[in-house]
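Chemist:
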Amino acid sequence: MKRKSLKLAISFILVMIVSCDEPETVVTDVVHPDGSVTRKIEMRNMENKFKIKDIQIPFDSTWTVRDSLEIDKKGDTTWVKRAEKFFVSTDELNKAYQADSGNNREISRRAEFRKKFKWFNTEYKFAEIIDKELPNNYFVTEFLNQEELNWFYSPTEIKHGKLSGPDSLKYKALNDTVSKKSDRWVVKCLASEWITSFVKLTEGKAGNDLTVESLKKREDDLVKLAEINDEKFDSLWNNGIILKEFLGEANALKFKTEADSAANLSSERVFISFHNYQVRIVMPGKLTGTNGFIDSTGIMLWPVQSEYFLTQPYEMWAESKTSNKWTWIVSGVFILFVIAGIIFRSIKKG
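And the structure:
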């Protein structure tokens, strides 16, 4: 649709490409019992090239920054930039998101914290939430089962470990299945967005055969055309062949300009500009639940990639609890007081 082959476009969004010039970034939220958060950023690069625009989360001059150089056993060097800032609450963290001027500023993100006192324990929940980009489109959960979804959301290093492990054949098959199904999901999203944009651009000029309802009924035909032609899609689109097949020759010729504009709009909505990073969360007390992955160090980990919040909100959450020692003491004293009272009454009656 847009001036790039369909296969190249899908690869752009579904395959994680790490640029040599773009640092690998991990954001760690250390959550404190009072709801305050110490946020840490660690950026790693093969060269000492770090720019403010490379930072994927809100950042300003109030952060404490530390630079270092690490050399591994092979003698390879890695430049590391670490930054840290204390936020008194998630409200302050969210204000930073709202004022963000970095390269991911267009993405709507927020943090939530909940604390619940339950006498013997205090329970906590912290979440980082990214709002969905496309309000009315297909969910990836409609295309992938639970096992496939787990693979889809897995961090790259976990996937690589399984693909090179003892069950590599099993995971290669799973990886291929997820790639094919997620490709189809993206094509369906593109087709749906194109139809919506095309109808808006031709409003008042087209007939009843070009309404949202009529085109949505034939949406799968457009998807099949895209999948069958794959590598040749770009040239076939430019030559008007795809449009003639889908809209009919008369409509294809009459609305070629609107169709191209709709293609550009739908591509921009689906293939959003976003710089990936990873999130880690450290909770107070004992971890009781999470939808994150546990890395080799035992810390919760979530990859943050644009396809994760394309059609559904992406929530990274963790729950924990701490023991309220004073309540145990108070309860123990109270029980002893009751027992003593019972014994005293028994002695008095005797």
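Numbering (numbering that gives the first Met the number 0), first residue to last: 0 to 349. Glycine residues also receive a C-beta, built at the ideal position from the N, C-alpha and C atoms.
May I have the straight-line CA-CA distance separating Thr-140 from Glu-91, to the nearest angstrom?
Modeler: The residue given as residue 140 occupies position 141 in the sequence shown. The residue given as residue 91 occupies position 92 in the sequence shown. Roughly 33 Å between the two C-alpha positions.
Chemist: In this structure, how does DSSP classify Trp-193 when only helix, strand and coil are distinguished?
Modeler: Taking the first residue of the sequence shown as position 1, residue 193 is located at position 194. Three-state result, Trp-193: helix.
Chemist: So what does DSSP say about Tyr-137, is it helix, strand or coil?
Modeler: As a first step, residue 137 is located in the sequence shown; it is residue number 138 there, counting from the start. Note: Tyr-137 maps to coil in three-state DSSP.
Chemist: What does the Cβ neighbour count give for Pro-57, buried or exposed, with the cut at 16 atoms within 10 Å?
Modeler: As a position in the sequence shown, residue 57 is number 58, starting the count at 1. So Pro-57 counts as buried.
Chemist: Are at least three pairs of beta-carbons, each pair with one atom in the stretch 225–238 and one in the stretch 164–181, less than 8 Å apart?
Modeler: No: fewer than three Cβ pairs fall under 8 Å.
Chemist: Can you tell me where the alpha helix (DSSP H) holding Arg-268 begins and where it ends?
Modeler: Position 269 of the sequence shown, counted from the start, is the residue given in the question as residue 268. Unbroken alpha helix (DSSP H) run through Arg-268: 255–269.
Chemist: Are Ser-322 and Phe-119 close, meaning C-beta to C-beta below 8 Å?
Modeler: Start at 1 with the first residue of the sequence shown, and residue 322 comes out as number 323. Start at 1 with the first residue of the sequence shown, and residue 119 comes out as number 120. Yes, the Cβ-Cβ distance between Ser-322 and Phe-119 is below 8 Å.
Chemist: Apply the 10 Å Cβ neighbour rule to Lys-73 and answer buried if 16 or more other Cβ atoms are within range, or exposed otherwise.
Modeler: The residue labelled residue 73 in the question sits at position 74 within the sequence shown. With fewer than 16 Cβ atoms within 10 Å of its Cβ, Lys-73 is classed as exposed.
Chemist: Might you give, ordered along the chain, the residues of its own chain that have their beta carbon closer than 6 Å to the beta carbon of Pro-32, omitting 5 neighbours on each side?
Modeler: Taking the first residue of the sequence shown as 1, we reach residue 32 at position 33. Within the same chain, Pro-32 has close Cβ partners Pro-283.
Chemist: Spell out the partners DSSP gives Gln-277 in its beta bridges.
Modeler: Taking the first residue of the sequence shown as 1, we reach residue 277 at position 278. Looking at the DSSP assignment, Gln-277 forms a beta bridge with Val-25, Pro-302.
Chemist: Under a three-way DSSP split, which group does Ile-40 fall into?
Modeler: For the purposes of this step, residue 40 is taken as residue 41 along the sequence shown, with counting starting at 1. Correct three-state label for Ile-40: strand.
Chemist: Just to confirm my understanding: we take Asn-103, look at its own chain, exclude 5 residues before and 5 after, and list those with CB closer than 8 Å. What are they?
Modeler: Your numbering for residue 103 matches position 104 in the sequence shown. Cβ neighbours of Asn-103 beyond the five flanking positions: Gln-55, Ile-56, Phe-273, His-274.
Chemist: Report the rounded CA-to-CA distance for Met-15 versus His-159, giving the unit in angstroms.
Modeler: Residue 15 sits at position 16 when you count from the first residue of the sequence shown. Residue 159 sits at position 160 when you count from the first residue of the sequence shown. Because Met-15 carries a pLDDT of 41, less than 50, the predicted location of this residue cannot be relied on, and the following value inherits that uncertainty. Roughly 12 Å separates the two Cα atoms.
Chemist: I'd like the list of long-range same chain contacts for Leu-377, defined as Cβ closer than 8 Å, with 5 residues on each side in sequence excluded.
Modeler: Nothing can be reported for residue 377: it is not among the residues displayed for the chain, which extend from 0 to 349.
Chemist: By the three-class DSSP mapping on this structure, what secondary structure does Ile-338 have?
Modeler: Reading the sequence shown from its first residue, position 339 is the one you call residue 338. Ile-338 falls in the helix class under three-state DSSP.
Chemist: Within 8 Å, do at least three Cβ pairs link the stretch 288–296 to the stretch 312–319?
Modeler: A contact exists between the stretch 312–319 and the stretch 288–296.
Chemist: What number of angstroms, rounded off, separates the C-alpha of Asp-59 from the C-alpha of Lys-243?
Modeler: Position 60 of the sequence shown holds residue 59. Position 244 of the sequence shown holds residue 243. Approximately 52 Å between the Cα atoms of the pair.
Chemist: DSSP puts Thr-289 in a beta bridge; with which residues?
Modeler: Residue mapping note: residue 289 aligns to position 290 of the sequence shown, counting from 1. Answer is Ala-317.
Chemist: Hey, could you find the ends of the alpha helix (DSSP H) Gly-150 is sitting in?
Modeler: Locating residue 150 in the sequence shown gives position 151, counting from the first residue. Here the sequence assigns Trp to residue 150, which means Gly is not the residue at that position. Looking at the DSSP string, the run of the alpha helix (DSSP H) that includes Trp-150 is 145–152.
Chemist: Quick check on Leu-309: does DSSP put it in helix, strand or coil?
Modeler: Along the sequence shown, read from residue 1 onward, the residue named residue 309 stands at position 310. The answer is coil: DSSP assigns Leu-309 none of H, G, I, E or B.
Chemist: If you draw a straight line from the alpha carbon of Val-87 to that of Gly-297, how long is it in whole angstroms?
Modeler: Locating residue 87 in the sequence shown gives position 88, where the first residue counts as 1. Locating residue 297 in the sequence shown gives position 298, where the first residue counts as 1. Whole-angstrom Cα-Cα distance: 26 Å.
Chemist: Would Thr-27 be called buried (16 or more neighbouring beta carbons within 10 Å of its own) or exposed?
Modeler: The residue given as residue 27 occupies position 28 in the sequence shown. It counts as buried.
Chemist: Please name the residue or residues paired with Tyr-123 in a DSSP beta bridge.
Modeler: In the sequence shown, residue 123 corresponds to position 124, counting from 1. According to DSSP, Tyr-123 bridges with Lys-114, Ser-319.
Chemist: By how many angstroms is the C-alpha of Thr-155 removed from the C-alpha of Pro-302?
Modeler: Your numbering for residue 302 matches position 303 in the sequence shown. Your numbering for residue 155 matches position 156 in the sequence shown. Each residue's Cα considered, the two are about 8 Å apart.
Chemist: Taking Lys-94 as part of the alpha helix (DSSP H), name the residues at either end of that continuous run.
Modeler: Here residue 94 refers to the residue found at position 95 when the sequence shown is read from its first residue. That run of the alpha helix (DSSP H) goes 89–97.
Chemist: Who are the Cβ neighbours of Asp-294 in its own chain at under 6 Å, not counting the five residues just before and after it?
Modeler: Indexing the sequence shown from 1 puts residue 294 at position 295. Excluding residues within five positions, the ones whose Cβ falls inside 6 Å are Leu-300.
Chemist: Tell me which residue opens and which closes the beta strand (DSSP E) that Ser-234 is part of.
Modeler: Position 235 of the sequence shown, counted from the start, is the residue given in the question as residue 234. It is not in any beta strand (DSSP E) - Ser-234 instead sits in the alpha helix (DSSP H) that spans 232–237.
Chemist: Quickly, what does DSSP pair Leu-68 with across the bridge? List them, please.
Modeler: Here residue 68 refers to the residue found at position 69 when the sequence shown is read from its first residue. Partner(s): Trp-78.
Chemist: Using beta-carbon positions only, say whether Thr-310 and Leu-162 come within less than 8 Å of one another.
Modeler: Working through the sequence shown from its first residue, we reach residue 310 at position 311. Working through the sequence shown from its first residue, we reach residue 162 at position 163. No. Outside cutoff.
Chemist: Taking Cβ positions, are Val-36 and Val-25 nearer each other than 8 Å?
Modeler: Here residue 36 refers to the residue found at position 37 of the sequence shown. Here residue 25 refers to the residue found at position 26 of the sequence shown. No, they are not a contact pair.
Chemist: List the endpoints of the continuous alpha helix (DSSP H) containing Ile-227.
Modeler: As a working mapping, residue 227 is identified with position 228 in the sequence shown. That run of the alpha helix (DSSP H) goes 218–228.
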